[in-house]
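Have a look at the structure below, then the notes.
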Amino acid sequence: MCGIIGFISRKKRMIKGDKIAIALDSLKERGNGQGSGYVGYGIYPDYADCYALHVFLRNTPTYHKIIDRVKSILGLYGVVVKDEEIPVKEGVLKKEFIPWRFFYRFHDSYRDMENDLMVNIVMEINDKVDGAFVFSSGKNLGVFKATGWPMEVAEFYRLEEYEGYMWLGHARYPTNTRGWWGGAHPFNILNWSVVHNGEITSYGTNKRYVESFGYKCRMYTDTEVVAYIFDLLIRKHRLPVEYALSAMAPKFWDEIDRMEEEERRIHEAIRITYGPAALNGPFAIIVGTHEGMVFMNGEIEENNTLIGLTDRVKLRPLVAAEKDDLVFVSSEEAAIRRICPDLDKVEMPDAGTPIIVRLE
Amino acid sequence: MIPSAVPPKFKVEIDREKCMLCGRCVEECSWGVYRKERDRIVIYSNRCGACQRCVVMCPRDAITVIENTTCWRSHPLWTIEVREDIINQSKTGRVLLSATGNAKEYPIYFDHIVLDACQVTNPPIDPLREPMELRTYIGKKPKKLEFEFVEEEVEGKKIKRAKLKTKIAPNLKLETPIMIAHMSYGALSLNAHLAMAKAVKECGTYMGSGEGGLHRALYPYADHIITQVASGRFGVDVDYLNIGAAIEIKIGQGAKPGIGGHLPGEKVTAEVSMTRMIPEGTDAISPAPHHDIYSIEDLAQLVRSLKEATRWKKPVFVKIAAVHNVAAIANGIATSDADAVVIDGFRGGTGAAPKVFRDHVGIPIEIAIAAVDERLREEGVRNEISIIASGGIRSSADVFKAIALGADAVYIGTAVLIALGCRVCGRCYTGQCAWGIATQKPELVNRLDVEEGARRVANLIKAWTLELKELLGAAGINAIESLRGNRDRLRGVGLNEVELKALGIKHAGF
Ligand code: SF4
Ligand code: SF4
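Structure follows, in structure tokens:
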């Protein structure tokens with residue numbers, strides 16, 4: 001069981017990172033101090049067109065060698081505009097890893113396929129460079145995570161110094177794998193970030209499915225695979241968002257059998273084709289999305305949005321709430337009220353019914 | 001003369017106190033074990049194969065069949081079996097015939113794999129309260145779905161809507177991932193075939209016709225029958241191809257990879273001869289290869305021909321025996337137009353196979369599934385073709401494990417025969433089956449009640465289906481597709497590293 005929360009300003013208002021930390025702190029009960037993390041969207045306006053790679057480097061005296069190896073891979077397709085240690089407050093956490101960031105731009109010749117290339121680069125670094133783990137690879141966003149309590153991790157990364165229009169947070173109570181920095185949430189690939197409460201019982205199936213499309217699961221935990229499934233279904237296969245979410249939390253055959261012909265055919269096709277992408281077991285997830293998602297009505301979303309989804313029998317809690325331009329999604333209403341006591345609306349989405357919040 | 005009789009395998013005893021001389025055993029035993037002589041039943045134990053028909057039918061429970069304990073000097077190399085086989089072969093100069101699956105003591109990997117269940121961190125699902133979905137589609141799947149957006153006018157407003165552009169090839173819809181394997185009419189009796197057909201219809205699943213054509217009496221059930229095309233092409237015409245739910249090309253069989261089939265002339269009765277489209281009383285011989293398939297592209301052509309003959313409306317499966325390079329062969333099949341590959345492990349049953357093949361050729365199904373699934377994933381085509389596993393699947397646990405290793409569905413054969421009465425005596429090729437299953441003799445066939453047989457087979461499938469749901473629920477999974485290839489939910493016990501690697505699973509404790 002883990003605590004999750006996310007919020008977004010539909011007007012793209014910038015909000016400081018300490019807000020999400022305060023909210024997440026109230027979900028301490030759902031974690032055990034073995035992993036907390038955040039992602040902020042819009043936090044790197046000065047490098048908005050660069051990929052911001054956050055990488056854990058094994059904390060050894062020779063960590064510069066690891067940086068060189070990462071750079072040599074990056075150098076093949078583009079330029080590192082800037083790289084530095086992610087500013088941290090020393091002494092708050094035991095520094096198992098040194099968090100490093102690279103702002104990176106592809107050469108023009110690779111522009112058309114930069115997202116696919118970035119996925120490959122992330123897979124290659126995680127797979128081949130000993131002592132380096134890429135844990136954030138989107139544009140104008142960044143993941144901050146470590147082993148520790150929500151407040152410790154926020155303090156460590158000096159979260160109050162960042163401003164973003166969307167934030168997700170996660171307090172971990174690890175059940176399936178040992179707590180380590182890379183195992184904390186959010187999980188990110190490109191502009192997708194996932195925080196997840198629950199355990200994916202279909203992990204083995206999902207993992208092997210995405211692996212046959214070239215993704216490599218190296219973080220030893222089930223949430224990683226969710227991020228890859230989002231990337232595969234929505235960005236690569238360009239499924240309309242609503243149908244992609246239905247592939248992940250499929251309608252029951254009973255419901256499908258009762259649908260009118262065209263709808264029935266679509267949902268049958270989704271389950272037949274994307275069965276291995278279905279997420280089974282109890283889960284509630286909050287996802288920060290990649291831009292360019294296609295909706296059922298043909299609209300294309302140019303921005304990052306926020307999605308909340310539970311498993312199809314809703315074995316994990318999820319509530320949504322609104323206040324003016326802000327929309328919150330969390331495992332607990334209490335966490336939302338901690339930072340926004342007076343809400344316009346609170347609702348509990350039905351099992352398997354997604355919440356999708358788009359920018360105005 | 002060199003006496004060449006070997007001691008009988010079994011010893012039949014009648015409790016003379018209990019026996020009332022009703023003569024039932026004489027009538028029931030089709031092997032001629034009993035003869036009535038005045039006020040006594042005479043026993044010829046050497047004819048007994050322990051099919052237990054007499055034991056079950058004796059109104060006084062007077063009959064016991066026990067293993068004959070006549071002693072051979074024990075020897076680790078020159079086992080009793082080896083000595084018996086040599087004595088028999090030196091007498092006849094023939095290939096030794098045998099039936100049912102591989103009888104050697106190779107490891108049964110299913111029995112070294114254990115399953116997972118949820119405790120605390122995620123809740124098990126109660127199948128009695130929550131939906132538990134076993135529905136399985138067998139056939140070609142697209143790699144991805146494509147949608148197009150069409151503008152429509154609804155109440156004066158123009159709206160765009162996503163429409164599915166991808167066409168899905170015809171798939172078989174199974175309500176449970178358990179199908180009945182191909183066992184031909186000819187090898188089996190019509191009553192056995194009818195019982196199985198009624199059962200699969202009731203359970204929402206399918207049975208294989210076997211290679212002997214389809215008897216007219218089975219036509220009403222044809223939408224639940226997969227018609228087989230084997231190297232003998234028995235009973236194959238355009239009606240046969242079009243009447244079934246799908247077509248299966250049989251390249252090989254787990255019990256006897258690399259050789260064809262042989263139905264002795266005695267079993268080719270008038271009805272069998274009509275169904276198979278061969279003269280009555282002649283041996284029905286399936287050659288080892290298909291004489292139009294000498295390479296993978298020939299197979300691809302046959303797949304396509306069958307598709308054309310059925311206007312691309314029927315899925316076409318290809319069945320191969322699990323042999324060393326099964327993964328590469330399956331991959332070749334996956335890249336043809338075939339919709340499913342059937343892998344038959346070396347424990348697959350048979351009505352008749354040379355003993356030397358049954359016991360020595362082929363590989364275990366567990367490892368074959370793992371190898372094929374893995375290879376198809378490496379090639380990125382796993383999800384586009386279905387894998388059906390067969391050969392030695394004995395229980396719902398085996399089904400569960402086969403699916404978790406990577407199969408979409410399984411075929412069961414021997415288990416179904418056991419449900420119909422078979423006691424696995426292993427003499428199907430003699431045509432004398434006392435249970436009316438593997439015989440064409442009307443007096444024996446009539447012993448098998450079709451309705452009752454259908455009920456028992458349906459019961460078996462339903463019972464396993466229920467158990468599958470319970471196992472899935474305990475694993476916290478509510479749809480079978482989330483089990484497929486989910487080797488994370490399996491652990492090996494008592495297997496070495498090489499075996500674990502071949503199966504793609506971890507050892508318990510990891
Ligand atoms: S069936 Fe039983 S009671 Fe009847 S003759 Fe045989 S042994 Fe005796
Ligand atoms: S089907 Fe074969 S093995 Fe079973 S009882 Fe009949 S002859 Fe014996």
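Those sequence lines, one after another, are chains H and W.
Take 1 as the starting number for the first sequence in UniProt numbering and just add one per residue.
Take 1 as the starting number for the second sequence in UniProt numbering and just add one per residue.
Don't be surprised by glycine CBs; every beta carbon is placed ideally from N, CA and C.
Check	Outcome
Taking any heavy atom of ligand 1 as the mark, which residues have a C-beta closer than 7 Å to it, listed down the chain?	W:14, W:18, W:19, W:20, W:21, W:22, W:23, W:24, W:25, W:26, W:34, W:41, W:54, W:57, W:58, W:59, W:60, W:62, W:63
Considering only their Cβ atoms, is the gap separating residue 339 (chain W) from residue 138 (chain W) smaller than 9 Å?	yes
What is the C-beta distance between residue 400 (chain W) and residue 471 (chain W), in whole angstroms, given that I count them as a contact (C-beta under 8 Å)?	5 Å
Output the boundary residues of the alpha helix (DSSP H) element that contains residue 267 (chain H).	261-274
Is the number of C-beta pairs between the region 75-85 of chain W and the region 35-53 of chain W that are closer than 8 Å three or more?	no
So with Cβ pairs under 9 Å, would you call residue 147 (chain W) a contact of chain H?	yes
Going by CA-CA distance only, name the one from H:94, H:90, H:37 that's closest to residue 170 (chain H).	H:37
Mind checking the region 159-186 of chain W against chain H and listing, in chain order, the residues whose C-beta falls within less than 8 Å of any C-beta there?	159, 160, 161, 162, 163, 164, 166, 168, 171
Examine chain C for any beta-carbon lying closer than 9 Å to the beta-carbon of residue 278 (chain H), and answer yes or no.	Of the protein chains in this structure, namely H and W, none is chain C.
Report buried or exposed for residue 209 (chain H), applying the criterion of at least 16 other Cβ atoms within 10 angstroms of its Cβ.	buried
Determine the chain H residues that contact residue 338 (chain W) at a beta-carbon separation under 8 Å, and present them in chain order.	Those within 8 Å of residue 338 (chain W) in chain H number zero; the least Cβ separation is about 17 Å.
Figure out for me which residue from H:72, H:24, H:289, H:93 has the closest Cα to the Cα of residue 228 (chain H).	H:289
With 16 as the cutoff for other CB atoms within 10 Å, does residue 25 (chain W) come out buried or exposed?	buried
Tell me whether residue 394 (chain W) counts as near ligand 2, meaning its Cβ is closer than 8 Å to at least one heavy atom of that ligand.	no
Inspect the beta-carbon positions of residue 306 (chain H) and residue 93 (chain H) and report whether they are closer than 9 Å.	no
Shorter than 8 Å, the distance from the beta carbon of residue 424 (chain W) to the closest heavy atom of ligand 2, or not?	yes
Just tell me which of W:385, W:485, W:379 has its CA closest to the CA of residue 366 (chain W).	W:485
Leaving out the 5 sequence neighbours to the left and right, which residues in its chain are closer than 8 Å to residue 248 (chain W) when beta-carbon positions are compared?	182, 208, 226, 227, 228, 229, 316, 317, 318, 319, 342
Alpha carbon to alpha carbon, what distance is there between residue 437 (chain W) and residue 417 (chain W)?	7 Å
For the region 160-218 of chain W, which segments carrying the alpha helix (DSSP H) assignment without a break, of at least 4 residues, lie completely within its bounds, in sequence order?	190-203
Please confirm whether residue 127 (chain W) has its beta-carbon closer than 9 Å to some beta-carbon of chain H.	no
Look at the alpha carbon of residue 114 (chain W) and the alpha carbon of residue 394 (chain W), and state the distance between them as a whole number of angstroms.	15 Å
Give a yes or no on whether the minimum CB-CB distance between residue 352 (chain H) and chain W is below 9 Å.	no
Report yes or no: is there a C-beta of chain H within less than 9 Å of the C-beta of residue 475 (chain W)?	yes
Kindly indicate which three-state DSSP category residue 383 (chain W) falls into: helix, strand or coil?	helix
Going by C-alpha distance, which of W:203, W:3, W:42, W:252 is nearest residue 223 (chain W)?	W:203
DSSP has residue 72 (chain W) in a bridge; who is on the other side?	Note: residue 72 (chain W) sits in no beta bridge, so no partner.
Pairs of beta-carbons, one from the region 375-383 of chain W and one from the region 110-128 of chain W, closer than 8 Å: are there three or more?	no
DSSP three-state label for residue 48 (chain H), please.	coil
Along chain H, in chain order, which residues have C-beta atoms closer than 8 Å to that of residue 478 (chain W)?	280, 312, 313
Rounded to whole angstroms, what's the CA-CA distance from residue 180 (chain H) to residue 35 (chain H)? Just pull it up for me.	7 Å
Among the candidates W:350, W:134, W:191, whose CA atom is the shortest distance from the CA of residue 173 (chain W)?	W:134
Classify residue 118 (chain H) as buried or exposed, calling it buried when 16 or more other Cβ atoms lie within 10 Å of its own Cβ.	buried
Would you kindly report the start and end of the unbroken alpha helix (DSSP H) that includes residue 154 (chain H)?	150-156
With distance defined between alpha-carbon atoms, name the residue in W:83, W:131, W:119 nearest to residue 466 (chain W).	W:131
Only counting runs of 4 or more residues, tell me where the alpha helix (DSSP H) segments fall wholly within the region 389-466 of chain W, in order along the chain.	396-405, 414-419, 442-445
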